[in-house]
Amino acid sequence: QKEVEQNSGPLSVPEGAIASLNCTYSDQGSQSFFWYRQYSGKSPELIMFIYSNGDKEDGRFTAQLNKASQYVSLLIRDSQPSDSATYLCAVMNSGYSTLTFGKGTMLLVSP
Amino acid sequence: SQTIHQWPATLVQPVGSPLSLECTVEGTSNPNLYWYRQAAGRGLQLLFYSVGIGQISSEVPQNLSASRPQDRQFILSSKKLLLSDSGFYLCAWSGNRADTQYFGPGTRLTVL
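If you're matching them up, the sequences are chains A and C in order.
Residue 54 in our numbering sits at position 54 of the first sequence, and the numbers go up by one each step.
Residue 1033 in our numbering sits at position 33 of the second sequence, and the numbers go up by one each step.
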């Protein structure tokens, strides 16, 4: 059974701080990794994807991947109250066209 | 650009009633299509996925079924709903490289 683990939170950070969200996965063959943001009552929206070890930056967001440790993270710089949401980590299952999702980490950014 | 639609947005159904949820995608051809359920306090559970017309793969045994009668149409059905079928049903699509998935707005189903 492929698993994706996330701390459920909530992770509370003050406005302007860096929020760090973490995810570990069990499928050693996974090659593609995704971060989605889900506001309460809404559907998930894609933030970033990452395929290679290292960092990938997009605006205030940085995804980090370490395949040897089976670990992927998302950093949000200059956190805003509008970033308050649940962040879902998803891993592409090796050999299949499906994703396994973690249960998500709730982020709360206080003004 | 691609757009994904789901309807209805909300639905309240009695136990034992049938179900039909529809998902359509615009602006792409031969997409991979997915049905997920998100129950309260739980993660996204993949229910079905399809790589082409008439090709359906089921991830978990349940009283739900899926069909893909047209290239960009994906339907989720049940003959008799259970209380445990309540949840947020999400349709998603990806390109035929089976990479990034994009979600529709979802249908919130309450079974009473």
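Ideal placement from N, C-alpha and C gives every residue a C-beta, glycine not left out.
Computed from a prediction, not measured in an experiment: that's the story for all the values here.
Please classify residue i as buried or exposed, where buried requires at least 16 other C-beta atoms within 10 Å of its C-beta.
i	result
Tyr51 (chain A)	exposed
Gln1055 (chain C)	exposed
Val1015 (chain C)	exposed
Pro44 (chain A)	buried
Leu107 (chain A)	buried
Ile113 (chain A)	Lying before the first or after the last residue shown, residue 113 (chain A) is absent from chain A, which here runs from 1 to 111.
Asp121 (chain A)	Beyond the ends of chain A as shown, which are 1 and 111, falls residue 121 (chain A); an answer cannot be given.
Gly1041 (chain C)	exposed
Gln1038 (chain C)	buried
Asp78 (chain A)	exposed
Using a Cβ cut-off of 8 Å (strictly closer), state whether residue i contacts chain A.
i	result
Tyr1089 (chain C)	no
Pro1031 (chain C)	no
Thr1110 (chain C)	no
Thr1003 (chain C)	no
Asp1123 (chain C)	Since the first residue of chain C shown is 1001 and the last is 1112, residue 1123 (chain C) is not available in this structure.
Thr1100 (chain C)	yes
Phe1074 (chain C)	no
Gly1054 (chain C)	no
Gly1095 (chain C)	no
Gly1106 (chain C)	yes
Taking 8 Å as the CB-CB limit, is residue i close to chain C?
i	result
Glu103 (chain A)	Note on residue identity: the sequence assigns Lys, not Glu, to residue 103 (chain A). Yes, contact with chain C.
So who's on the other strand from residue i, going by DSSP bridges?
i	result
Ile18 (chain A)	Answer by DSSP bridge pairing: none, since Ile18 (chain A) is not bridged.
Ile1075 (chain C)	C:Glu1022, C:Ser1067
Asp55 (chain A)	A:Gln64
Val1111 (chain C)	C:Gln1013
Ala1040 (chain C)	Answer is none; Ala1040 (chain C) lacks a bridge partner.
Gln1055 (chain C)	C:Gly1052
Gln38 (chain A)	A:Thr86
Ser73 (chain A)	A:Asn22, A:Gln64
Val91 (chain A)	A:Phe33, A:Thr100
Gln28 (chain A)	Answer is none; Gln28 (chain A) lacks a bridge partner.
Gln1002 (chain C)	DSSP, once it has assigned bridges, lists no residue as partnering Gln1002 (chain C).
Thr105 (chain A)	A:Tyr87
Gln1045 (chain C)	C:Arg1037
Ser1029 (chain C)	For Ser1029 (chain C), which the question treats as bridged, DSSP gives no partner whatsoever.
Regarding residue i and the ligand HEM, is the C-beta to nearest heavy atom distance less than 7 Å?
i	result
Leu1090 (chain C)	No copy of the ligand HEM occurs in the structure displayed, which carries no ligand at all.
Could you confirm whether any beta carbon from chain B is found closer than 8 Å to the beta carbon of residue i?
i	result
Ser1058 (chain C)	Of the protein chains in the structure, A and C, none is chain B.
Can you pull out the residues from the region 74-106 of chain A whose beta carbon lies closer than 9 Å to at least one beta carbon of chain C?
Under the 9 Å Cβ criterion, the region 74-106 of chain A contributes Leu88, Ala90, Met92, Tyr96, Ser97, Thr98, Leu99, Thr100, Phe101, Gly102, Lys103, Gly104.
Taking beta-carbon pairs under 9 Å, can you tell me which members of the region 30-49 of chain A lie near chain C?
Here the close residues are Ser32, Phe34, Tyr36, Gln38, Gly41, Lys42, Ser43, Pro44, Glu45, Leu46, Phe49.
Using a Cβ-Cβ cut-off of less than 9 Å, list which residues of the region 1022-1051 of chain C approach chain A; keep chain order.
Of all residues in the region 1022-1051 of chain C, Asn1032, Tyr1034, Tyr1036, Gln1038, Gly1041, Arg1042, Gly1043, Leu1044, Gln1045, Leu1046, Tyr1049, Val1051 have a Cβ within less than 9 Å of some Cβ in chain A.
Assess contact between the region 1006-1015 of chain C and the region 1100-1107 of chain C, defined as three or more Cβ pairs (one per stretch) separated by less than 8 Å. Is contact present?
Touching, yes, given that three or more Cβ pairs across the two stretches are closer than 8 Å.
Would you check if the region 2-19 of chain A and the region 1063-1078 of chain C touch, i.e. whether three or more CB-CB distances between them fall below 8 Å?
Under the three-pair Cβ rule at 8 Å, the region 1063-1078 of chain C does not count as touching the region 2-19 of chain A.
Would you call the region 93-100 of chain A in contact with the region 19-39 of chain A, where contact means no fewer than 3 C-beta pairs closer than 8 Å?
By the C-beta criterion, the region 93-100 of chain A is judged to be in contact with the region 19-39 of chain A, since at least 3 inter-stretch pairs fall below 8 Å.
Please determine if the region 67-74 of chain A and the region 97-104 of chain A are in contact, where contact requires at least 3 C-beta pairs separated by less than 8 Å.
The region 67-74 of chain A vs the region 97-104 of chain A: no contact.
Pairs of beta-carbons, one from the region 1024-1040 of chain C and one from the region 50-65 of chain A, closer than 8 Å: are there three or more?
Under the three-pair Cβ rule at 8 Å, the region 1024-1040 of chain C does not count as touching the region 50-65 of chain A.
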